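Chains as they are written, first to last, in my numbering: chain W, 40 to 232; chain H, 40 to 232. The structure under discussion appears below in the form of structure tokens.
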């Protein structure tokens, strides 16, 4: 079995589910400072270049950034409703902010910003997420520069080390487990669902 | 604001999304023995009686059971695609197996089993989940008793202590944070998305 079949399977799932907008959403679990798991929906923004790592955007003040900085491991769960398959991915998360010295990372941050729709760009001017809101007051948002990201715009890059791929419509189901070994090569095997 | 508005909001979301089968699926994050988060899709099987706690079924040999027994905190993320809203729930997880001495728990286990479709019941006779599979061999499954659950059938009961409810279609979005206080009462407040 080709070792990185998981990536081809994920690309195929994205294609097969392309008509369902929320098939590009997945759930990202991190560990809170109190040790409990946190879990939220995020939007897939593509792979980082030709790597196996993939990108989500974030407000750098959001809890997931602090959580990943203190405990870098993330648990991704991605369910594809049309093809009825699930990817569970254990990944290390890293953050790209405006201070990066890496040219490829800086480019990824800028290009990802430019790919966002205007309403998503404007959400980066909203008040601090999670702060108390008085909904009798008008909601304040500002214009943003469509070409250049604001200081609070960052990327979370997820670097997979384990992938569990489950097809619910199988014989009766199909499941594969992939793992990045110590030499940096992917190993895959078929397992019972 | 009524303190337990989150439960009414969740019931309403279930109703509004009733025509989408996968709206009853949510993502459950737990902590692995190595401290990393694990995340998987599970199916909502209802509330436990009149409580705020809700049920998923499990094979008692599955990793999530061992994980919750060593670290009971769970991170639930539930996205509703039709109404475009998300519930993030921090919950304590407990397990109900066939050895429970609690009559209500034993009843919930039996009633939940009886509510499963036959193909789901039969999946409890499959080989150990995650064990190596030789797909050149036929897949083995057995009949089950539709009335009485097998020994490996259990419930995970999730007892919420924090709920974050986000409506993506708002003005421009709406978000509420609820928390169970030390006296066992829910407190809610509106926060910035």
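Idealized CB from N, CA, C, for every residue including glycine. These figures come from a predicted structure and were not determined experimentally.
- Item | Nearest to residue 106 (chain W) (by Cα), restricted to the options W:116, W:74, W:81, W:123 | Here residue 106 (chain W) refers to the residue found at position 67 when the first chain is read from its first residue. Residue W:74 is the option with its Cα nearest to residue 106 (chain W).
- Query: Helix, strand or coil for residue 144 (chain H) per DSSP?
  - Reply: In the second chain, the residue the question calls residue 144 (chain H) occupies position 105. In this structure, residue 144 (chain H) counts as helix in the three-state DSSP scheme.
- Query: Under three-state DSSP, which class holds residue 92 (chain W)?
  - Reply: Here residue 92 (chain W) is taken as the residue at index 53 of the first chain, counted from 1. Residue 92 (chain W): coil per DSSP, three-state reduction.
- So, helix, strand or coil for residue 157 (chain H), using DSSP? Locating residue 157 (chain H) in the second chain gives position 118, where the first residue counts as 1. Residue 157 (chain H) falls in the helix class under three-state DSSP.
- Item | Where the alpha helix (DSSP H) containing residue 201 (chain H) begins and where it ends | Counting from one through the second chain, the residue named residue 201 (chain H) turns up at place 162. It is not in any alpha helix (DSSP H) - residue 201 (chain H) instead sits in the beta strand (DSSP E) that spans 192-206.
- Positions along the stretch 43-76 of chain H whose CB lies within less than 7 Å of some CB in chain W: 61, 64, 66, 68, 69, 70, 75, 76
- Query: Quick one: Cα of residue 199 (chain H) to Cα of residue 115 (chain H), how far?
  - Reply: As a first step, residue 199 (chain H) must be located in the second chain, where it is residue number 160. As a first step, residue 115 (chain H) must be located in the second chain, where it is residue number 76. So the two alpha carbons sit approximately 9 Å from each other.
- Task: May I have the straight-line CA-CA distance separating residue 135 (chain W) from residue 109 (chain W), to the nearest angstrom?
- Result: Residue numbering aside, residue 135 (chain W) sits at position 96 when the first chain is read from its first letter. Residue numbering aside, residue 109 (chain W) sits at position 70 when the first chain is read from its first letter. Spanning the two alpha carbons is a distance of roughly 15 Å.
- Message: Within 8 Å of any Cβ in chain W, is that where the Cβ of residue 206 (chain H) sits?
- Response: Here the question's residue 206 (chain H) lines up with position 167 in the second chain. Chain W contact via Cβ: absent.
- Query: Whose C-alpha, out of W:45, W:168, W:94, is nearest the C-alpha of residue 147 (chain W)?
  - Reply: Within the first chain, residue 147 (chain W) is the residue found at index 108, counting from 1. Comparing Cα-Cα distances from residue 147 (chain W) to each of W:45, W:168, W:94, the minimum goes to W:94.
- Message: Once the 5 residues before and after residue 141 (chain H) are set aside, which same chain residues still bring their CB inside 6 Å of it?
- Response: For the purposes of this step, residue 141 (chain H) is taken as residue 102 along the second chain, with counting starting at 1. Excluding positions up to five away in sequence, the list is empty.
- Query: For chain H, is any of its Cβ atoms less than 8 Å away from the one on residue 231 (chain W)?
  - Reply: Taking the first chain and counting its residues from 1, the one referred to as residue 231 (chain W) is at position 192. Interface residue, yes.
- Query: Measuring CA to CA, which of W:216, W:172, W:111, W:150 is closest to residue 169 (chain H)?
  - Reply: Within the second chain, residue 169 (chain H) is the residue found at index 130, counting from 1. The candidate whose alpha carbon is nearest that of residue 169 (chain H) is W:216.
- Message: DSSP three-state label for residue 57 (chain H), please.
- Response: Here the question's residue 57 (chain H) lines up with position 18 in the second chain. Three-state result, residue 57 (chain H): coil.
- Query: Would residue 197 (chain H) pass as a contact of residue 232 (chain H) if the rule is Cβ separation under 8 Å?
  - Reply: For the purposes of this step, residue 197 (chain H) is taken as the residue at position 158 of the second chain. For the purposes of this step, residue 232 (chain H) is taken as the residue at position 193 of the second chain. No, they are not a contact pair.
- Item | Run of the alpha helix (DSSP H) containing residue 107 (chain H), from where it starts to where it stops | Walking along the second chain from the start, residue 107 (chain H) turns up at place 68. From DSSP, the alpha helix (DSSP H) with residue 107 (chain H) extends over 102-109.
- Item | Within-8 Å CB hit, residue 92 (chain H) to chain W | Locating residue 92 (chain H) in the second chain gives position 53, where the first residue counts as 1. Output row for residue 92 (chain H): interface = no.
- Message: Is there a Cβ of chain H sitting closer than 8 Å to that of residue 178 (chain W), yes or no?
- Response: Within the first chain, numbered from 1, the residue matching residue 178 (chain W) stands at position 139. Between residue 178 (chain W) and chain H, the shortest Cβ-Cβ separation is below 8 Å.
- Task: Using a Cβ-Cβ cut-off of 8 Å, state whether residue 118 (chain W) counts as contacting chain H.
- Result: For the purposes of this step, residue 118 (chain W) is taken as the residue at position 79 of the first chain. By this cut-off, residue 118 (chain W) is an interface position.
- Query: Nearest to residue 89 (chain H) by alpha carbon, out of H:46, H:126, H:175?
  - Reply: Position 50 of the second chain, counting from 1, holds the residue named residue 89 (chain H). Considering only alpha carbons, the answer is H:46.
- Contact with chain H by residue 102 (chain W), beta-carbon distance below 8 Å: Stepping through the first chain from its first residue, residue 102 (chain W) is reached at position 63. Cβ-Cβ to chain H under 8 Å: no for residue 102 (chain W).
- Query: Helix, strand or coil: which one does DSSP assign to residue 48 (chain H)?
  - Reply: By one-based count along the second chain, residue 48 (chain H) stands at place 9. Correct three-state label for residue 48 (chain H): helix.
- Message: On the CB-based measure, 16 or more other CB atoms within 10 Å of its CB, does residue 164 (chain W) come out buried or exposed?
- Response: Indexing the first chain from 1 puts residue 164 (chain W) at position 125. The residue is exposed, with fewer than 16 neighbouring Cβ atoms inside 10 Å.
- Query: Rounded to a whole number of angstroms, what is the C-alpha to C-alpha distance between residue 177 (chain H) and residue 157 (chain H)?
  - Reply: One-based indexing of the second chain puts residue 177 (chain H) at position 138. One-based indexing of the second chain puts residue 157 (chain H) at position 118. Between residue 177 (chain H) and residue 157 (chain H), the C-alpha separation is close to 20 Å.
- Cα-Cα separation, residue 96 (chain W) to residue 61 (chain W): As a first step, residue 96 (chain W) is located in the first chain; it is residue number 57 there, counting from the start. As a first step, residue 61 (chain W) is located in the first chain; it is residue number 22 there, counting from the start. Rounded to the nearest angstrom, the two C-alpha atoms are 16 Å apart.
- Message: Just to make sure I have the definition right: I need the residues of chain H whose C-beta is within less than 7 Å of the C-beta of residue 249 (chain W). Which are they?
- Response: Because chain W in this structure spans residues 40 to 232, residue 249 (chain W) falls outside the shown range and cannot be described.
- Query: So, does the CB of residue 115 (chain H) fall closer than 8 Å to a CB anywhere in chain W?
  - Reply: Sequence index remark: in the second chain, residue 115 (chain H) carries index 76 (1-based). Yes - at least one Cβ of chain W is within 8 Å of the one on residue 115 (chain H).
- Message: Here's a check: name, in chain order, each residue in its chain whose Cβ is nearer than 6 Å to the Cβ of residue 125 (chain H), leaving out the five neighbours to either side.
- Response: One-based indexing of the second chain puts residue 125 (chain H) at position 86. The residues 118, 205, in chain order, have a CB closer than 6 Å to that of residue 125 (chain H) in the same chain once the five nearest residues on each side in sequence are set aside.
- Message: By the three-class DSSP mapping on this structure, what secondary structure does residue 175 (chain W) have?
- Response: The residue given as residue 175 (chain W) occupies position 136 in the first chain. Coil at residue 175 (chain W), not helix or strand.
- Task: Report the neighbours of residue 112 (chain H) on chain W: residues whose CB is nearer than 7 Å to its CB, in chain order.
- Result: As a working mapping, residue 112 (chain H) is identified with position 73 in the second chain. Residues of chain W passing the Cβ test: 75, 76.
- Item | Candidates H:207, H:180, H:143, of which the one nearest residue 194 (chain H) by Cα | The residue you call residue 194 (chain H) lines up with position 155 of the second chain. That would be H:143, whose Cα lies nearest to the Cα of residue 194 (chain H).
- Query: So is residue 171 (chain W) in contact with chain B if we call contact Cβ pairs under 8 Å?
  - Reply: Of the chains in the structure shown, none is chain B; the protein chains are W and H.
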